[in-house]
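Engineer: Dumping the structure here so I can ask a few things about it.
Number of protein chains: 4
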Amino acid sequence: MTALSHTLQFRVRYSEVDQMGTYYNSRPLEWFERGRVELVRSLGMSYREMEQRGILLPVREAYVRFLGRAEYDDLLRMTTTLTMPGRAQVRFDVTIDRADDGRPVCHGWTVHPVTDRSGRPIRPPRWLLELLGRG
Amino acid sequence: MTALSHTLQFRVRYSEVDQMGTYYNSRPLEWFERGRVELVRSLGMSYREMEQRGILLPVREAYVRFLGRAEYDDLLRMTTTLTMPGRAQVRFDVTIDRADDGRPVCHGWTVHPVTDRSGRPIRPPRWLLELLGRG
Amino acid sequence: MTALSHTLQFRVRYSEVDQMGTYYNSRPLEWFERGRVELVRSLGMSYREMEQRGILLPVREAYVRFLGRAEYDDLLRMTTTLTMPGRAQVRFDVTIDRADDGRPVCHGWTVHPVTDRSGRPIRPPRWLLELLGRG
Amino acid sequence: MTALSHTLQFRVRYSEVDQMGTYYNSRPLEWFERGRVELVRSLGMSYREMEQRGILLPVREAYVRFLGRAEYDDLLRMTTTLTMPGRAQVRFDVTIDRADDGRPVCHGWTVHPVTDRSGRPIRPPRWLLELLGRG
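Protein chains in written order, with the numbering used here: chain A, 1 to 135; chain B, 1001 to 1135; chain C, 2001 to 2135; chain D, 3001 to 3135.
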C-alpha cells in the first residue's frame, strides 16, 4: 500500500507567464493535470484508455499554494504522488520546484471521485485497483 | 444580400496579457469566437442551438494581423461581419480597436464550412440561409 | 467592518469547455480573478490603478470545490466577497451558480498578501484600508 | 542561404481539447510559439537570451489552416522552418501532423519584424544574422 510517484520536467511557456513575469495563477492546475496523466501512464495505462473503459476521475477539489516565481523558459520539476484516501476516491499531491536550484514554485493537491461516464461515483473495478497497487 | 455586422465591447483580462504587457498572440482567436457567437445570437439563434440542430461551423482557416498593443483592463471594441463567399461557406471579418481612442489593436478573419455533426460539408438548410439573410 | 461583496454574470466560452462538455478545471481560477477585479472596481478604483500605485495582491493560496457542470454558453452568476483575515492579507470567497436555476457550479477562495512591486509583504497604506472599508 | 528547420513531438493536453473532441482553434498559435522557441534554441541561443540582449520578434501576422482532428493525448509532430523574407523580418512556416500515421493536423505561418525592446523595428545586429545563418 505504498504511494505511487512520478516526476517529470517541463519548461514554462511564454503563453503561461503574465505581466508580472511569472506564471499566471491558473497554470498550476493545468500542470497538475499533466502530472496525473503521466503518473497513470507510468503505471501502464493511458488516462485516455481509462476513459474509454468507462472510468473517469473528474476533479472534485483542488488546492494550490504559490511559493515562488517561475519565469518564461525556466525548467521545472514536478513530482506527483497518488494515494487513495477512501475506497472510491483518488488524491494526487504535487510539488513543483525549479529544476536547477530546487527553489520551490508551488505545491498543491487534487481530489477525484471514481465515476462512470455519466459522472456517478462508482466502486472502482478490480483492474483499476490493481493498476493503482490496491488489488 | 448585405453583410451582417455586430459590435461588442470587452476588457482585456489579466490572464490574457503576457510579460510584454500586451495581449498574447493567440487571444485574438478566442476573441474572434466570441464575436461570431454574439453576431449569430443577434440574428435570433444561439450558436449552441445551431449545434443542437446538427449544424456546425468549424474553423477552416484563420488569419490575424497584429496592429497595436492592448494592455490589461483596456476596453476594446470588436466588430464582426459575416459574409458567404460560397454556397456552403461562411466568412467572418473582425476588427478590434481600443474603445476610448479608436487605435487599432488587430484585425483578421476566419473561414468556416457548413458541416453536419460528423464534420462533413453539407448544403446549408433553408432555415440557416434565412437566418443569415440569404433565404 | 462588514464584508464587501460583488456579483456579476457571464457566459461560459467555447474555449473554456473540455471534451466532457463542461468547464475545464483551471477556468474557475480565471473567473475568480475577474470577480476580484470587478469587486475592486465597484469600490471606486481599478486593480490596474492599484498596481500603478505600487500595491499588488498576488495569489498566495487558491482553493476550488467543483459542484456541478456548466456547459458552453450557460449564463453563470458569480458572487465575490472580500474579507481581511489579517492586517496585511486579503481573502476573496467566491460562489458560482447557474443564473437561470441557481444550481451550484463551484465555489472557492483565494488568499493574497498585500505587497509592493517587488513582491515583499507590506503594511497596507491608509488609502487601501479606506478603500476596503477598514480605514 | 538555406532554410533552418526544427522538428519536435508533443502530446495534445486535455485542456487543449474542446467539446468537439479535437484541439480548440487557438491552440496552434501556442504550439507555433513552442516551435519557434525550440528552433532558435537548436541554433544555440534561447529566445529568452535574445530578449535579454534587447532583440524581440513580436508576431506581426499569423495564419492557420486547419486540416484534421487531433484528440487528447495524440502524439503530434511539428516542423518549423525559418526564412528571412526581408532584411529585418523573420518568417516561420509550421506543419503539424499526427506522429503515428502522418495525417495532417494543421499548418500555418507567422511573420515577425525584428524590433528593440520598445517594439521599434531595427536592423538585425550581426550576431543575430550569424545565428540565423545570414552572417
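We put the beta carbon where it would ideally sit given N, CA and C, even for glycine. None of the values given here were measured: they were computed from a predicted structure.
1) Specify, as a first and last residue, the run of the beta strand (DSSP E) that D61(A) falls within.
2) Starting from the N-terminal side, write out each stretch of the beta strand (DSSP E) that is 3 residues or longer and does not extend beyond the region 2090-2133 of chain C.
3) Skipping 5 residues on each side, what residues in its chain have a beta carbon closer than 8 Å to that of G3068(D)?
4) The beta strand (DSSP E) spanning P58(A) covers which residue range?
5) Along the chain, where does the beta strand (DSSP E) that runs through Q1989(C) open and close?
6) Just to confirm, is the Cβ distance from R34(A) to R3013(D) under 8 Å?
7) Pull up the distance between the alpha-carbon of E3030(D) and that of R2126(C), whole angstroms please.
8) With 8 Å as the threshold, decide whether the Cβ of Y1047(B) is near any Cβ in chain D.
9) Using a Cβ-Cβ distance cut-off of 8 Å, determine whether Y1072(B) contacts chain A.
10) Pull up the DSSP beta-bridge partners for V2040(C), would you.
11) What residues from the region 3018-3029 of chain D come within 7 Å of chain C, judged by C-beta to C-beta, listed N to C?
12) Between which two residues does the alpha helix (DSSP H) containing M45(A) stretch?
13) Given this structure, state the Cα-to-Cα distance separating G2108(C) from T2095(C), to the nearest angstrom.
14) Let me know if S2026(C) comes out buried or exposed under the rule of 16 or more other beta-carbons within 10 Å of its beta-carbon.
15) Cβ closer than 8 Å: which chain B residues qualify as neighbours of E3016(D)?
16) With D3074(D) and R3011(D) assumed to form a contact (beta carbons below 8 Å), what rounded beta-carbon distance in angstroms separates them?
17) Out of E3049(D), L3131(D), L3082(D), state which residue places its alpha-carbon closest to the alpha-carbon of T3110(D).
18) Would you say R1060(B) reaches chain D, if we count a Cβ-Cβ gap shorter than 8 Å as a contact?
19) Less than 8 Å between the C-beta atoms of H112(A) and V37(A), yes or no?
20) Could you tell me whether the Cβ atoms of S1015(B) and Y24(A) are closer together than 8 Å?
21) Strictly below 7 Å CB to CB, what residues from chain C border R1034(B)?
22) Please tell me whether F66(A) has its Cβ less than 8 Å away from any Cβ of chain C.
23) Could you tell me the distance, in whole angstroms, from the CA atom of Y1129(B) to the CA atom of T2079(C)?
24) Which residues in the same chain have their Cβ closer than 6 Å to the Cβ of F1092(B), if we skip the five residues on either side of it in sequence?
25) Indicate the three-state DSSP secondary structure (helix, strand or coil) for R2077(C) in the structure shown.
26) From L3004(D) to V90(A), what does the alpha carbon distance come to, in whole angstroms?
27) So, helix, strand or coil for M20(A), using DSSP?
28) Per DSSP, L1082(B) is paired with what?
29) Check whether the Cβ atoms of A143(A) and T22(A) lie closer than 8 Å to each other.
30) Taking the alpha-carbon positions, what's the Q3052(D) to V3114(D) distance?
31) Would you check if the distance between the CB atom of R1117(B) and the CB atom of L1057(B) is smaller than 8 Å?
32) Could you check what DSSP says for E2071(C) in three-state terms: helix, strand or coil?
33) On the criterion of 16 or more Cβ atoms from any shown chain inside 10 Å, does F3066(D) qualify as buried, or is it exposed?
34) Mapping DSSP to helix, strand and coil, what is S26(A)?
Structural biologist: So, from the listed chains and residues:
1) As a working mapping, residue 61(A) is identified with position 61 in the first sequence. First, the residue type needs correcting, since residue 61(A) is Glu and not Asp in the sequence shown. Here the beta strand (DSSP E) through E61(A) covers 61-66.
2) 2104-2113
3) Counted from its first residue, the fourth sequence places residue 3068(D) at position 68. Excluding sequence neighbours, G3068(D) sits near R3098, R3103, P3104, V3105, C3106.
4) Locating residue 58(A) in the first sequence gives position 58, counting from the first residue. No beta strand (DSSP E) contains P58(A), which DSSP labels as neither H nor E.
5) For residue 1989(C) there is no data in the structure shown, the boundaries of chain C being 2001 and 2135.
6) Within the first sequence, the letter at position 34 stands for residue 34(A). Within the fourth sequence, the letter at position 13 stands for residue 3013(D). Yes, the Cβ-Cβ distance between R34(A) and R3013(D) is below 8 Å.
7) On the fourth sequence, position 30 is the one that residue 3030(D) refers to. On the third sequence, position 126 is the one that residue 2126(C) refers to. Cα-Cα distance, rounded: 42 Å.
8) Translated into positions along the second sequence, residue 1047(B) becomes position 47. It does not; no Cβ of chain D falls within 8 Å.
9) By one-based count along the second sequence, residue 1072(B) stands at place 72. So yes, Y1072(B) belongs to the interface.
10) Residue mapping note: residue 2040(C) aligns to position 40 of the third sequence, counting from 1. Paired residues: none, contrary to the question.
11) D3018, Q3019, G3021, Y3024, S3026
12) Locating residue 45(A) in the first sequence gives position 45, where the first residue counts as 1. M45(A) -> no alpha helix (DSSP H), and no H or E assigned at all.
13) Taking the first residue of the third sequence as 1, we reach residue 2108(C) at position 108. Taking the first residue of the third sequence as 1, we reach residue 2095(C) at position 95. Looking at the two C-alpha atoms, the distance is approximately 7 Å.
14) As a working note, residue 2026(C) is residue 26 in the third sequence. Buried, by the Cβ-count rule.
15) Stepping through the fourth sequence from its first residue, residue 3016(D) is reached at position 16. The premise fails here: E3016(D) is roughly 11 Å from chain B at the closest Cβ pair, so nothing lies under 8 Å.
16) Position 74 of the fourth sequence, counting from 1, holds the residue named residue 3074(D). Position 11 of the fourth sequence, counting from 1, holds the residue named residue 3011(D). Their Cβ separation, rounded to whole angstroms, is 7 Å, which keeps D3074(D) and R3011(D) in contact under 8 Å.
17) As a working mapping, residue 3110(D) is identified with position 110 in the fourth sequence. Cα-wise, what sits closest to T3110(D) is L3082(D).
18) Position 60 of the second sequence, counted from the first residue, corresponds to residue 1060(B). It does: the Cβ of R1060(B) has a partner Cβ on chain D nearer than 8 Å.
19) Taking the first sequence and counting its residues from 1, one reaches residue 112(A) at position 112. Taking the first sequence and counting its residues from 1, one reaches residue 37(A) at position 37. Contact: no.
20) Here residue 1015(B) is taken as the residue at index 15 of the second sequence, counted from 1. Here residue 24(A) is taken as the residue at index 24 of the first sequence, counted from 1. In contact: S1015(B) and Y24(A) (Cβ atoms closer than 8 Å).
21) By one-based count along the second sequence, residue 1034(B) stands at place 34. What R1034(B) touches in chain C: R2013.
22) Along the first sequence, one-based indexing puts residue 66(A) at 66. Chain C contact via Cβ: present.
23) As a working mapping, residue 1129(B) is identified with position 129 in the second sequence. As a working mapping, residue 2079(C) is identified with position 79 in the third sequence. The sequence shown places Leu at residue 1129(B), not Tyr. So the alpha carbons of these two residues sit roughly 40 Å apart.
24) Your numbering for residue 1092(B) matches position 92 in the second sequence. Cβ within range, chain order: R1036, T1080, L1082, T1110.
25) Within the third sequence, numbered from 1, the residue matching residue 2077(C) stands at position 77. It is a strand residue.
26) Working through the fourth sequence from its first residue, we reach residue 3004(D) at position 4. Working through the first sequence from its first residue, we reach residue 90(A) at position 90. Near 47 Å, if we compare the C-alpha coordinates of V90(A) and L3004(D).
27) The residue labelled residue 20(A) in the question sits at position 20 within the first sequence. In this structure, M20(A) counts as coil in the three-state DSSP scheme.
28) As a working note, residue 1082(B) is residue 82 in the second sequence. DSSP lists L1004(B), F1092(B) as partners of L1082(B).
29) Beyond the ends of chain A as shown, which are 1 and 135, falls residue 143(A); an answer cannot be given.
30) Taking the fourth sequence and counting its residues from 1, the one referred to as residue 3052(D) is at position 52. Taking the fourth sequence and counting its residues from 1, the one referred to as residue 3114(D) is at position 114. Taking the straight line from one Cα to the other gives about 14 Å.
31) For the purposes of this step, residue 1117(B) is taken as the residue at position 117 of the second sequence. For the purposes of this step, residue 1057(B) is taken as the residue at position 57 of the second sequence. Cβ atoms of R1117(B) and L1057(B): not closer than 8 Å.
32) Translated into the one-based positions of the third sequence, residue 2071(C) becomes position 71. The answer is coil: DSSP assigns E2071(C) none of H, G, I, E or B.
33) Counting from 1 along the fourth sequence, the entry for residue 3066(D) is found at position 66. F3066(D) is buried by the Cβ-count criterion.
34) For the purposes of this step, residue 26(A) is taken as residue 26 along the first sequence, with counting starting at 1. Here S26(A) sits in coil by DSSP.
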